Amino acid sequence: MFYDLSTVTVVLLFLAMFSAGFVDAIAGGGGLIQTPAMLLAFPNNNPVAVVGTSKTAAFFGTSTAALKYRKSIKTDPKLLIAMVIPAFIGSCCGALLASNISAQSFKSAIFFMMIAIFIYTLVKPDLGKVQVEKHSQKKLMYIGGAAAFVIGFYDGLIGPGTGTLLMIFLVAVMGFAFVGASAIAKVVNAMTNLASIIVVGLGVGILWKIGLFLAIANLAGGYAGSHVAIKKGSGFVRIFYLIVTGLLILRLGYSLYIE
752 MFYDLSTVTV VLLFLAMFSA GFVDAIAGGG GLIQTPAMLL AFPNNNPVAV
802 VGTSKTAAFF GTSTAALKYR KSIKTDPKLL IAMVIPAFIG SCCGALLASN
852 ISAQSFKSAI FFMMIAIFIY TLVKPDLGKV QVEKHSQKKL MYIGGAAAFV
902 IGFYDGLIGP GTGTLLMIFL VAVMGFAFVG ASAIAKVVNA MTNLASIIVV
952 GLGVGILWKI GLFLAIANLA GGYAGSHVAI KKGSGFVRIF YLIVTGLLIL
1002 RLGYSLYIE
């Protein structure tokens, strides 16, 4: 069917991509589902190319969720631009280095940072329920741009959990409510995915047929997830976010200290 994959494998990948799109649209972390699934399905291919293919499918789901959020939630276009451009550049840099450096130390730093902020979010039940004006608009743009570059670099270099990291920063540091943070995170994440696709596509190559086929599933999942998040509100997104972040911490910990 696709690259000598069995029909069963393709169906399972399709379901994994739908689930990833759904989860990612609400709280980020869809890469926890789709990246391992893709690597298992293509064990003999260049892992950078496989992750690039995964991001190709994810781009469509993330973009769909971003458009859905944009129709229902107002976001500052100046802040979006201030975050999107550095995120795109950071992701390009990370993708260029993905084949050349070890990501172990970077993953360790992310792992311990996520544990700290997970605990912080857990013990503050009101965090992210409503938007809080912590900074001036100008300062928000500077902070958001710097964070977007670093997180974009992470996405290009490693990948899974980018949306969740964006959510963490937007809520805990920049003062956004969870639903508003999701709306911004999806736009930024779409651009980091696009940057990785361009760099990997030009450098290593992408499995375009399976990537575009699986994009249909990710798109459907992204639409469904964003619809649920908008309907349920920040309280639901907060709970979902804590679950996804907890799973991401476990996955990162396993890859760092057990595998």
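First residue of the sequence shown? That's 752 in our numbering, and the numbers climb one at a time after it.
Don't be surprised by glycine CBs; every beta carbon is placed ideally from N, CA and C.
Quantities reported herein were computed from a predicted structural model and do not represent experimental measurements.
- When the alpha-carbon of Thr807 is set against those of Gly984, Phe964, Leu998, the nearest one is in Phe964.
- Counting other Cβ atoms within 10 Å of its Cβ, Thr758 stays below 16 and is therefore classed as exposed.
- Judged by beta-carbon spacing, Leu783 lies beyond the 9 Å limit of Leu970, meaning their Cβ atoms are not closer than that value.
- In the three-state scheme derived from DSSP, where H, G and I count as helix and E and B as strand, Leu958 is classed as coil.
- Ranked by Cα distance from Phe900, the options Trp959, Cys843, Leu847, Val955 are led by Cys843.
- Residue state for Phe927 is assigned as coil, using DSSP reduced to three classes.
- With at least 16 other beta carbons inside 10 angstroms of its own, Lys937 counts as buried.
- Annotated three-state conformation of Ala941 is helix, per DSSP.
- The C-beta of Tyr871 has fewer than 16 other C-beta atoms within 10 Å across all chains shown, which makes the residue exposed.
- Excluding residues up to 5 positions away in sequence, nothing lies with its Cβ nearer than 7 Å to the Cβ of Ile836 in the same chain.
- Here Thr996 carries a helix assignment [DSSP, helix/strand/coil].
- When the beta-carbon positions are compared, Phe927 and Ala898 stay at least 9 Å from each other.
- In the three-state reduction of the DSSP assignment, Val774 falls in the helix class, which pools H, G and I.
- In the structure shown, Ile967 falls within a helical segment according to DSSP collapsed to helix, strand and coil.
- Residue environment for Ala867: exposed (fewer than 16 other C-beta atoms within 10 angstroms of its C-beta).
- In the displayed model, Thr813 falls within a helix according to three-state DSSP.
- In this structure, Gly931 is the residue among Val988, Gly986, Gly931, Asn940 with its C-alpha nearest to the C-alpha of Lys825.
- Pro798 carries a helical assignment under DSSP once its states are collapsed to helix, strand and coil.
- The DSSP-derived three-state label of Gly912 is coil.
- Taking all protein chains in view, the Cβ of Lys875 is surrounded by fewer than 16 other Cβ atoms within 10 Å, so the residue is classified as exposed.
- Residue nearest to Leu945 within the set Ala934, Ser805, Asp827, Thr760 is Ser805 (criterion: CA-CA distance).
- Scanning its chain for C-beta atoms nearer than 7 Å, with the 5 sequence neighbours on each side dropped, one finds around Ala833 the residues Met892, Gly895, Gly896, in chain order.
- Residue environment for Tyr820: buried (at least 16 other C-beta atoms within 10 angstroms of its C-beta).
- In the structure shown, Phe769 falls within a helical segment according to DSSP collapsed to helix, strand and coil.
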